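Trainee: Line by line, the protein sequences give chains F and V. Here the first sequence stands for residues 47 to 486, numbered as in this note's numbering. Here the second sequence stands for residues 47 to 486, numbered as in this note's numbering. Backbone N, C-alpha and C define an ideal beta-carbon position, used for all residues, glycine too. For clarity, every value in this text was computed on a predicted model and none was experimentally measured.
Number of protein chains: 2
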Amino acid sequence: MADALKIGVAGLGTVGASLVRILQQRGNALAVACGRAIEIKAVSARDRTRGRGVDVSGIEWFDDPVTLAAEADIDVFIELIGGASGPADLSVRQALSRGIHVVTANKALLARCGVELALLAEEKGVLLNYEAAVAGGIPVIKTMRESLTGNSFSRVYGIMNGTCNYILTRMEKENLTFDACLKEAQRLGYAEADPTFDIEGNDTAHKLAILTTLAFGNQISADDIYLEGISNITIEDIQAAADLGYRIKLLGVAQKTETGVEQRVHPTMVPQDSVIAQVDGVTNAVAIESDILGELLMVGPGAGGNATASAVLGDVTDIAKSRPGEQKVPAFGRPAHLLEPYRQAEIKSHEGGYFIRLTVEDRTGVFASIATKMADNRISLESIVQRPKNGGETHASQTIVLVTHATTEADVRTAVAAIQQEGYLVREPQVIRIERPKEN
Amino acid sequence: MADALKIGVAGLGTVGASLVRILQQRGNALAVACGRAIEIKAVSARDRTRGRGVDVSGIEWFDDPVTLAAEADIDVFIELIGGASGPADLSVRQALSRGIHVVTANKALLARCGVELALLAEEKGVLLNYEAAVAGGIPVIKTMRESLTGNSFSRVYGIMNGTCNYILTRMEKENLTFDACLKEAQRLGYAEADPTFDIEGNDTAHKLAILTTLAFGNQISADDIYLEGISNITIEDIQAAADLGYRIKLLGVAQKTETGVEQRVHPTMVPQDSVIAQVDGVTNAVAIESDILGELLMVGPGAGGNATASAVLGDVTDIAKSRPGEQKVPAFGRPAHLLEPYRQAEIKSHEGGYFIRLTVEDRTGVFASIATKMADNRISLESIVQRPKNGGETHASQTIVLVTHATTEADVRTAVAAIQQEGYLVREPQVIRIERPKEN
Chain F
47 MADALKIGVA
57 GLGTVGASLV
67 RILQQRGNAL
77 AVACGRAIEI
87 KAVSARDRTR
97 GRGVDVSGIE
107 WFDDPVTLAA
117 EADIDVFIEL
127 IGGASGPADL
137 SVRQALSRGI
147 HVVTANKALL
157 ARCGVELALL
167 AEEKGVLLNY
177 EAAVAGGIPV
187 IKTMRESLTG
197 NSFSRVYGIM
207 NGTCNYILTR
217 MEKENLTFDA
227 CLKEAQRLGY
237 AEADPTFDIE
247 GNDTAHKLAI
257 LTTLAFGNQI
267 SADDIYLEGI
277 SNITIEDIQA
287 AADLGYRIKL
297 LGVAQKTETG
307 VEQRVHPTMV
317 PQDSVIAQVD
327 GVTNAVAIES
337 DILGELLMVG
347 PGAGGNATAS
357 AVLGDVTDIA
367 KSRPGEQKVP
377 AFGRPAHLLE
387 PYRQAEIKSH
397 EGGYFIRLTV
407 EDRTGVFASI
417 ATKMADNRIS
427 LESIVQRPKN
437 GGETHASQTI
447 VLVTHATTEA
457 DVRTAVAAIQ
467 QEGYLVREPQ
477 VIRIERPKEN
Chain V
47 MADALKIGVA
57 GLGTVGASLV
67 RILQQRGNAL
77 AVACGRAIEI
87 KAVSARDRTR
97 GRGVDVSGIE
107 WFDDPVTLAA
117 EADIDVFIEL
127 IGGASGPADL
137 SVRQALSRGI
147 HVVTANKALL
157 ARCGVELALL
167 AEEKGVLLNY
177 EAAVAGGIPV
187 IKTMRESLTG
197 NSFSRVYGIM
207 NGTCNYILTR
217 MEKENLTFDA
227 CLKEAQRLGY
237 AEADPTFDIE
247 GNDTAHKLAI
257 LTTLAFGNQI
267 SADDIYLEGI
277 SNITIEDIQA
287 AADLGYRIKL
297 LGVAQKTETG
307 VEQRVHPTMV
317 PQDSVIAQVD
327 GVTNAVAIES
337 DILGELLMVG
347 PGAGGNATAS
357 AVLGDVTDIA
367 KSRPGEQKVP
377 AFGRPAHLLE
387 PYRQAEIKSH
397 EGGYFIRLTV
407 EDRTGVFASI
417 ATKMADNRIS
427 LESIVQRPKN
437 GGETHASQTI
447 VLVTHATTEA
457 DVRTAVAAIQ
467 QEGYLVREPQ
477 VIRIERPKEN
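Have a look at this one:
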């Protein structure tokens, strides 16, 4: 049997502790599968005295992950610290510069400087693996960069934030408000005390930026993502969606268009009978659409110590099975210096169906006016529903829900602005994009 | 750039022709992704003159794949001939013996002698890759043997035959008989002229046998699979399933139990609100249940020239990216000589819920008798439905549908046999097992 693969683990939070526990408990099975043992040579965390449910007493301890990356006798540096800068960034650069493979779960770091890190890894001939950074335990990175090599991608989209999907699922199943479901998610540990990063779509955007680069070969461009969160989704929207045969999910979507690549994160209507519509609770799902294969959908746990550790372990065992020396799997599917500048498609050019909910004064001519504004902007309608009154409306108002055939974002915005000008809207209009899976 | 990877393609049917076309059209992109070109050095098929829509004129031609495997100047032998024995078998053995990597889409061959071939590959230090053999374009093999290394598997199950899933979907959506849907499938090319192999579950069994070995580390044992096809599923069953919140799918299931590993292929009731229940038409789906990750479900095209070629291409590019020399990814996740004998769990020990449909004489005491026989065999019932009469019944008969809580196959069989003894059944009883996804 070959020499053991020596690893250093920086960060002993939930994921780090799970990883150490699994490596300690499954040592023999892993050695058989990899043809060599995996040995934890060094660990690092902020507080040495904190109880973590794992025994790290025989392992060299570093208070500073950068020192670990610089000095420990390791083949692989595993970064589970988190954060787009600071110790995570510094220690990963340190490890790569030393010619040590890096495995990371850090989406924020990759979204900020993934290409730079990939260049450094390639220069040093080592691997930069990051399966855990997107959709937790779902092996979407490996699938895109290894299994689908040769495919040309047209769209990648998915449910990549468990907090949002939990909230939307609860709202629908229990008929509860957004605020009530957010509180429940916080109580269960599915949402942070400050949930902004999750519910406004930033977390999804980091993951999407990475998938976009894998799919379309552009430099990572997380700042150019169109963002809409779920905080203004109401039960009324969810019910109207259900009546029309849709469910609402927060999707991240990267799509190739004639004018560039769209990157957008927003609440989305998906057909109720599609597979992704059934993905409930904290579960994640990623759909990969490519020309040779068609559509592949992967569904699984997107977070949690064990699920994330499983992805990290896959990355580590890949390195254990490979021969030392030349790095052969480019981090983003092609050599980093060949990644092209990101060519952004404007959200206004987006083409697709739209759900539009309008709460209007209950008077003659309003319906005709709405229909005219739509027609003026070349928007044809798939369905128009006048929703029955409920508690949220006055006697003098009613709700009209429109679902459009494929049109453009620009036309929808113009039409809705024109309707707003008419003065009969009694609430802000709601506009939700529709996304349809490809038929295989 | 490194030397080109030289491949030989044996078999130029739909998959082979797709593969050759893609390699010719995507040469540059593949070379960038792999760090080296992929060059088709040799091809083989039965009839050189047949039109295939691809130009193989500049490629060395072999009438005999065994000669190609023995003599061509290649690094990888790609077997797309099919069949459990004969030229496929002989040429694969020839290539491996020569120390040449093998990529195959041949489930029948692997189900029969996969372990033997893996031993030979390991002895020669070459790779045996077979992503396309199970569930077409879905990368389930790579996921199980690479991404989930370190996980301990508890169950693997899926929809792995497009013909059956197409027929069951059509029956449900269009309210058509099995025979009508089979004819439709044949007309569309989704079913063979002799459909036995698909509809009786043998095709699913071959794929399942391979997944069982990957999951549980036993020798392949395709002959020990419990088989039930879909030809006796009626519209009545599908409707009764829907009323009770289930859909019927042909599943292959491999499951670890206390007495061994169950391998079974049969029509199965899955909860209507589960993700796998939404997988319609010819699409395939595989669920992988493991202790660290939880449940991962992959959904995608399970057949077709391009989807299958995509999987073959993933296998080939993996080899192109690896360094020549020592083979490091064992074909079945661990070295073949460490695979253990298959320990079969008897179908009679299977535990789970059951759907039982009984068509009985419409007379006093029958209901009580059925309930008593169930209770006598410790079977508790989740629901009992007396279905309204329809065309298939006489005035003097009625249909009773039972759904049981978890029980054993042995108890169900004893109870049903006891009911049959009573003489009030007017048709053969229908018994369908229920399978539930794991909650993540």
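Looking at C-alpha atoms only, which residue of F:245, F:470, F:484 and F:447 is the closest neighbour of residue 476 of chain F?
Mentor: Checking every option, the nearest Cα to that of residue 476 of chain F belongs to F:447.
Trainee: For a cutoff of 9 Å on Cβ pairs, would you count residue 211 of chain F as touching chain V?
Mentor: Not closer than 9 Å to any Cβ of chain V, the Cβ of residue 211 of chain F fails to qualify, so no.
Trainee: Rounding to the nearest angstrom, what Cα-Cα distance links residue 174 of chain V and residue 127 of chain F in this structure?
Mentor: Approximately 38 Å, taken between the alpha carbons.
Trainee: According to DSSP, simplified to helix, strand and coil, what is residue 211 of chain F?
Mentor: The answer is helix: DSSP assigns residue 211 of chain F an H, G or I state.
Trainee: Pull up the distance between the alpha-carbon of residue 206 of chain V and that of residue 196 of chain V, whole angstroms please.
Mentor: Answer to the nearest angstrom: the Cα atoms are 25 Å apart.
Trainee: Which bits of chain V does residue 338 of chain F rub up against, with CB to CB less than 7 Å?
Mentor: Simply 68, 352, 355 and 356.
Trainee: Run down chain V in chain order and give the residues with a C-beta less than 7 Å from the C-beta of residue 367 of chain F.
Mentor: Within 7 Å Cβ-Cβ: 374 and 375.
Trainee: Considering only residues of the same chain and omitting the five flanking positions on each side of residue 431 of chain F, which have a CB-CB separation below 6 Å?
Mentor: Taken in chain order, the residues that qualify are 447.
Trainee: Return the first residue and the last residue of the beta strand (DSSP E) that residue 415 of chain V is part of.
Mentor: Careful: residue 415 of chain V lies outside any beta strand (DSSP E), inside the alpha helix (DSSP H) at 412–422.
Trainee: Is the beta carbon of residue 57 of chain F less than 9 Å from the beta carbon of residue 374 of chain V?
Mentor: Cβ atoms of residue 57 of chain F and residue 374 of chain V: not closer than 9 Å.
Trainee: Could you please tell me which residues of the region 110–125 of chain V, in chain order, have their CB closer than 9 Å to any CB of chain F?
Mentor: Answer in chain order: no residues at all.
Trainee: Could you tell me which chain V residues have their CB closer than 7 Å to the CB of residue 321 of chain F, listed as they occur along the chain?
Mentor: Chain V residues near residue 321 of chain F: 321, 324, 325 and 345.
Trainee: Pull out every residue of the region 184–216 of chain V whose Cβ sits closer than 7 Å to any Cβ of chain C, in chain order.
Mentor: Here chain C cannot be found, since the structure's protein chains are F and V.
Trainee: What do you reckon, are the CB atoms on residue 401 of chain V and residue 478 of chain V nearer than 9 Å?
Mentor: Contact: yes.
Trainee: Which same chain residues, not among the five before or five after residue 394 of chain V, have their C-beta less than 6 Å away from its C-beta?
Mentor: So the qualifying residues of the chain are 455 and 456.
Trainee: Thinking C-beta only, is residue 310 of chain F closer than 9 Å to residue 252 of chain F?
Mentor: Contact: no.
Trainee: Kindly provide the ranges of any alpha helix (DSSP H) runs that are 4 or more residues long and lie completely inside the region 280–304 of chain V, ordered along the chain.
Mentor: Those alpha helix (DSSP H) runs which fall completely within the region 280–304 of chain V and span 4+ residues are 281–289.
Trainee: Hey, does residue 72 of chain V have any beta-carbon neighbour from chain F nearer than 9 Å?
Mentor: Cβ-Cβ to chain F under 9 Å: yes for residue 72 of chain V.
Trainee: Tell whether a beta-carbon distance below 9 Å holds between residue 152 of chain F and residue 167 of chain F.
Mentor: No, they are not a contact pair.
Trainee: Residues of chain F with CB closer than 7 Å to the CB of residue 79 of chain V, please, in chain order.
Mentor: Per Cβ cutoff of 7 Å: 195, 379 and 380.
Trainee: Do we get a CB-CB distance below 9 Å when we pair residue 167 of chain V with the residues of chain F?
Mentor: Not closer than 9 Å to any Cβ of chain F, the Cβ of residue 167 of chain V fails to qualify, so no.
Trainee: For the region 177–194 of chain V against the region 321–336 of chain V, are there 3 or more C-beta pairs whose distance is under 8 Å?
Mentor: As far as the Cβ criterion goes, the region 177–194 of chain V touches the region 321–336 of chain V, which means the pair count is three or higher.
Trainee: Measure the Cβ-Cβ separation of residue 452 of chain V and residue 398 of chain V and say whether it is below 9 Å.
Mentor: Going by C-beta atoms, residue 452 of chain V is nearer than 9 Å to residue 398 of chain V.
Trainee: Can you tell which of F:92, F:119 and F:228 has the C-alpha that lies nearest to the C-alpha of residue 85 of chain F?
Mentor: Cα-wise, what sits closest to residue 85 of chain F is F:119.
Trainee: Give the secondary structure of residue 548 of chain V by DSSP, where H, G and I count as helix, E and B as strand, and everything else as coil.
Mentor: Chain V is shown from 47 up to 486; residue 548 of chain V falls before or after that span and cannot be answered.
Trainee: Applying a beta-carbon distance threshold of less than 8 Å, which residues of chain F neighbour residue 363 of chain V?
Mentor: Within chain F, the residues near residue 363 of chain V are 192, 195 and 196.
Trainee: Mind checking if residue 360 of chain V is an interface residue toward chain F, Cβ cutoff 9 Å exclusive?
Mentor: Taking Cβ atoms only, chain F reaches closer than 9 Å to residue 360 of chain V, which makes this a yes.
Trainee: Between residue 422 of chain F and residue 77 of chain V, what straight-line distance do the alpha-carbon atoms span, to the nearest angstrom?
Mentor: When rounded, the distance between both Cα atoms is 50 Å.
Trainee: Between which two residues does the alpha helix (DSSP H) holding residue 160 of chain F run?
Mentor: Element bounds for residue 160 of chain F: 153–170.
Trainee: When the cut-off is 9 Å and only beta carbons count, does residue 7 of chain F lie next to chain V?
Mentor: Outside the modelled stretch of chain F, which goes from 47 to 486, sits residue 7 of chain F, for which no answer is possible.
Trainee: In this structure, what does DSSP give as the bridge partners for residue 61 of chain F?
Mentor: Its beta-bridge partners do not exist; DSSP assigns none.
Trainee: Beta-carbon of residue 267 of chain F versus every beta-carbon of chain V: anything under 9 Å?
Mentor: No, because no Cβ of chain V sits closer than 9 Å to the Cβ of residue 267 of chain F.
Trainee: Using a 10 Å radius around the Cβ and a threshold of 16 neighbouring Cβ atoms, would you call residue 278 of chain F buried or exposed?
Mentor: Under this definition residue 278 of chain F is an exposed residue.
Trainee: To the nearest angstrom, how far is the alpha carbon of residue 75 of chain F from that of residue 314 of chain V?
Mentor: Whole-angstrom Cα-Cα distance: 33 Å.
Trainee: Is it right to say residue 221 of chain V is buried, meaning 16 or more other beta carbons lie within 10 angstroms of its own, or is it exposed?
Mentor: With fewer than 16 other Cβ atoms within 10 Å, it is exposed.
Trainee: Going by beta carbon distance, what residues of the same chain come within less than 8 Å of residue 386 of chain V, once the five residues before and after it are set aside?
Mentor: Once the five neighbours on either side are set aside, the close Cβ partners of residue 386 of chain V are 263, 264 and 265.
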